[in-house]
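Written out below as structure tokens is the structure these notes cover.
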Amino acid sequence: MFPRRARFIGNRPRTQLIAGGRRLALSSCLLCELPTQGRIHLYPRNASGVESQPYATKTSMQDLNITRPPSAYAALLADTRALGFDMASEVAVGALLRTLAASKPTARCLELGTGTGLASAWLLDGLGLHGSLVTVDNDDRLLAVARRHLGGDPRLDIRRQDGDIFLREAVGRADRFDLIFADTWSGKYRLLDETLSLLAPGGLYVIDDMLPQANWPEGHGAKVETLMAKLAQRTELRLCSLDWSCGVVLAARV
Ligand SMILES: C[S@@+](CC[C@H](N)C(=O)[O-])C[C@H]1O[C@@H](n2cnc3c(N)ncnc32)[C@H](O)[C@@H]1O
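Counting from 1, position 27 in the sequence shown corresponds to residue 415 in the numbering used here; the numbering is continuous, with no gaps.
Written out as structure tokens, the structure reads:
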């Protein structure tokens, strides 16, 4: 995995970084972006191309993602920054995971690649009292942060293990999960079939970092394309790609 940018609450939203003060027509929905007092407003256009009054702003859309972050979020973020860990999940992805988890309150969730526990915190914040989350990472230094802030939650099982070994053992036990967030090589670029076999019917498979990033090494784009092609071939999955945040693919097993 590679360093991510514009990851956290407090950063300027990605849309502002990319769009800056440029006027940018969005042809698909006949909207245009205009910077107004530091915010990018969306103006509907009428048939003659004249803008009418704004009805939404990109920042107000992004603000929904930071509504009541998990209680441990601020402390986790401070420790994450102190460690210099730059692969942490974006807040938008965290908010998506929390929403998905909240729709399955008793879900058994699996996260491959705990990092310092930011996405774990979002998932736990969505799950109900009888839900559970197993999260796996091979880096003790990172896991110590997750354990410090989330370790008291009885719904959470933090494993220090290689992701490939965890997956092979889980397949051997015929484990089933209702939501899998594959945020490392294991379960995404490696052992994809094994990981998908762990999905319960109706289970969700979530991956991010699917949109091109400046720091991708040579050849990584081709791996992303191959992964998406493999997912597209799976007849038991109902897929959608979200061209949003760092790029998310969401799949449900029928
Ligand atoms: C993108 S980061 C995960 C970010 C995390 N999900 C979050 O919410 O911030 C990828 C993680 O995968 C872990 N990792 C890399 N190789 C691994 C492996 N073979 N087994 C388990 N974890 C691994 C890294 O230590 C790193 O923490």
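Ideal Cβ placement from N, Cα and C applies to all residues, glycine included.
Taking residue i and residue j to be in contact with their CB atoms under 8 angstroms, please state how far apart those CB atoms are, rounded to whole angstroms.
i: residue 512; j: residue 541; result: 6 angstroms
i: residue 633; j: residue 481; result: 6 angstroms
i: residue 570; j: residue 583; result: 6 angstroms
i: residue 578; j: residue 552; result: 6 angstroms
i: residue 586; j: residue 558; result: 6 angstroms
i: residue 485; j: residue 507; result: 6 angstroms
Identify whether residue i lies in helix, strand or coil by the three-state DSSP scheme.
i: residue 481; result: helix
i: residue 494; result: coil
i: residue 447; result: helix
i: residue 523; result: strand
i: residue 593; result: strand
i: residue 637; result: strand
i: residue 581; result: helix
i: residue 631; result: coil
Which one of the options has the shortest CA to CA distance from residue i?
i: residue 546; options: 538, 552 and 578; result: 538
i: residue 550; options: 536, 531 and 642; result: 531
i: residue 478; options: 639, 500, 527 and 454; result: 454
i: residue 469; options: 503, 490 and 456; result: 503
Please report the straight-line C-alpha distance between residue i and residue j, rounded to a whole angstrom.
i: residue 518; j: residue 498; result: 15 angstroms
i: residue 643; j: residue 561; result: Nothing about residue 643 can be reported from this structure: the residues present for the chain run from 389 to 642 only.
i: residue 494; j: residue 488; result: 12 angstroms
i: residue 618; j: residue 496; result: 25 angstroms
i: residue 591; j: residue 548; result: 24 angstroms
i: residue 465; j: residue 622; result: 36 angstroms
i: residue 483; j: residue 606; result: 31 angstroms
i: residue 635; j: residue 629; result: 7 angstroms
i: residue 522; j: residue 509; result: 12 angstroms
i: residue 637; j: residue 536; result: 30 angstroms
i: residue 534; j: residue 573; result: 20 angstroms
Quick one: is the Cβ of residue i within less than 7 angstroms of any heavy atom of ligand 1?
i: residue 466; result: no
i: residue 507; result: yes
i: residue 575; result: no
i: residue 579; result: no
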